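What follows is a single structure, written as structure tokens, with notes after it.
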Amino acid sequence: MASRIAQIRKSVLTLALPVTVSSLLQRTEGIAAVFLVGGLGATSIAAVGLGQLLAFMATTLISGLSVGANVLIAQLWGARRTKDVGEAATHLLGMAALVSCSLVALGLSLNRVTMELLGAEHDVIALALPYSNFIFLVIPCTIFLQVLSSIMQGTGDTKTPMYALIAVNLLYLTIAYPLIYGLWGFPAWGITGAAVATGFAEGTGVAYLLWACRKLFRKSLNVRRDLLRSTWQIGAPVSGERMFQQAGVLLYTKIVLLYGTVTYAAHQVGLSIESLSFLPGYGFAIAAATMVGQSIGAGKYVRAKLENWEANRLATVAMASMGVLFFFFPYALLRIFTNDEAVVELGTVFLRIVAILQIPLALTMVLAGSLRGAGDTRFIMLATTIGMWGVRVPLAVIAGPWLTLDVLFVWSAMIADWTVRMVLLLWRYRSERWKAIQIIR
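Note that my numbering has the sequence shown beginning at 5, numbered continuously upward.
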């Protein structure tokens, strides 16, 4: 038994570490944008944060497609149905193309309205609008990068997406800084330069992944309704979950914006730093989804359970360690991003709060990954909705607009949210109802 656990641990780490690095590289674009525009002041930081929030909210609409790709490919791969894997991959790219076009139109038409509804100040909107518009023009690159990565991760290949993101980040860091500040003969486009760099770098990453997995795709003259149905069964609840999550985040952000630009800048810088702790959690969640999906596809349910708990243990250790850094060294971490003393002071409070929720967050992320691997995405949507709309948003509304308490209390609502989600997902996994869900037929 001990040797079996050791083998599973090795497999989890083999999958999770490249995904963690990929997540770090993926997040580096956002963090680097905040870091690079930090010299332009708090308003520019807030503008980039606002633009990134809108883009992230839009991509949640297709998150179901990328998760559906990972789970469907993983279960088909585990069942050794290689022909179906190729046809599923082709169908998934077709769906990605259709969704991309819709998101470009939606984003460009609703950018300004959404910023105004959020209550952002006029000087922030003036800077954020051109940045966000260009981000939406190149959002198809972001979508294809996610879907192609998910397809390859479903087969157990987590290294190739990592290599693609290494190339993306090297290109981004090479051209973003001169485009922002007008160095080496480049025009000084300010924060819009960061968006231009994103489009060029991610487009290059998509080209690399298409070439790398060219042999995986299989031409299909017929529309496979069974594959579309399976993708919908997995993906629709995921998109619903992310939409409920992001709608809650928008309202939560609006409450934080009531405290002013400096507070929102501290919130954004704090989120950028906290996102570093998401990286191992996301890595182990993808590893859990892939391994559990493949084991279920092969009919090995006992192995699937062992893989889940091993991924949970490793994620908890990694994220708890990050929490220690956030709690005891917040000032040093914040100083990397900004020299604004007011932002640093508020950011210290934020980081110490998120340090407390690292263990519930780790368990929630990996349990959700395992349940997704089994296809149990509806319950995850329910747990997310309860945590966000039944806990975080009401507590934030009471603390902020109603009682006008310090922003500390608004931020503390996150702890209650993630703790409730953890309890719900733990109960669901232990019930083993996910075993009855059938994805591939």
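Backbone N, C-alpha and C define an ideal beta-carbon position, used for all residues, glycine too.
These figures come from a predicted structure and were not determined experimentally.
The three-state reading of DSSP puts residue 88 in helix, counting H, G and I together. Where residue 341 is concerned, there is no enclosing alpha helix (DSSP H), because DSSP gives it neither an H nor an E.
Sorting 35, 378, 18 by C-alpha distance to the C-alpha of residue 340 places 35 at the top. Within the same chain, and ignoring the five residues on either side of residue 252 in sequence, the residues whose Cβ sits closer than 8 Å to its Cβ are 392, 393, 396, 397. Residue burial is scored here from C-beta neighbours: residue 270 has at least 16 other C-beta atoms within 10 angstroms and is therefore classed as buried.
Of the residues 284, 336, 204, the one whose Cα lies closest to the Cα of residue 321 is 284. Uninterrupted alpha helix (DSSP H) stretches at least 4 residues long and entirely within the region 136 to 219 occur at 143 to 158, 163 to 185, 195 to 216, given in chain order.
Judged by DSSP secondary structure, residue 405 falls outside any alpha helix (DSSP H); it is assigned neither H nor E. If you look at residue 230, you'll find it in the alpha helix (DSSP H) that goes 229 to 261.
For residue 316, the enclosing alpha helix (DSSP H) has its first and last residue at 305 to 332. Each residue's CA atom was taken as its position, placing residue 307 and residue 296 some 8 Å apart. Between residue 211 and residue 136 the beta-carbon gap is near 25 Å, outside 8 Å, which marks them as no contact. For the pair residue 348 and residue 402, the Cα-to-Cα distance works out to about 26 Å. For the 8 Å CB-CB criterion, residue 9 and residue 310 form a contact. Taking a 10 Å sphere around the C-beta of residue 436, we find fewer than 16 other C-beta atoms and assign the residue as exposed.
For residue 288, the enclosing alpha helix (DSSP H) covers residues 265 to 301. In the DSSP annotation of this structure, the continuous segment of the alpha helix (DSSP H) that includes residue 74 starts and ends at 67 to 82.
Pairing residue 100 with residue 88, the inter-Cα distance amounts to about 18 Å.
Per the coordinates, the alpha-carbon of residue 96 lies some 15 Å from the alpha-carbon of residue 146. DSSP places residue 368 inside the alpha helix (DSSP H), whose first and last residues are 362 to 377.
Within the same chain, and ignoring the five residues on either side of residue 432 in sequence, the residues whose Cβ sits closer than 6 Å to its Cβ are 383.
Looking from the CA of residue 376, the closest CA among 184, 242, 419, 37 belongs to 242.
Excluding the 5 residues flanking it on each side, residue 28 has same chain C-beta neighbours closer than 8 Å at 280, 283, in chain order. Taking the Cα positions, residue 278 is about 14 Å away from residue 53. Straight-line measurement puts the Cα of residue 181 at about 10 Å from the Cα of residue 188. DSSP, read as helix, strand or coil, puts residue 441 in coil. Residue environment: residue 192 is assigned as exposed (fewer than 16 neighbouring CB atoms within 10 Å of its CB, all protein chains considered). DSSP places residue 354 in the helix class (H, G or I) of the three-state scheme. Below 8 Å, enough C-beta pairs join the region 228 to 247 and the region 73 to 91 to call them touching: three or more. Counting C-beta atoms within 10 angstroms of its own C-beta, residue 408 has fewer than 16 neighbours from the protein chains shown and is therefore classed as exposed. Under the three-state reduction of DSSP, residue 421 is assigned to helix.
Three or more beta-carbon pairs separated by less than 8 Å link the region 285 to 294 to the region 151 to 160, which places the two stretches in contact.
DSSP places residue 222 in the coil class of the three-state scheme, outside both helix and strand. Distances from the CA of residue 85 to each of 350, 46, 198, 159 were compared; the closest alpha carbon is that of 159. Per the coordinates, the alpha-carbon of residue 304 lies some 39 Å from the alpha-carbon of residue 330.
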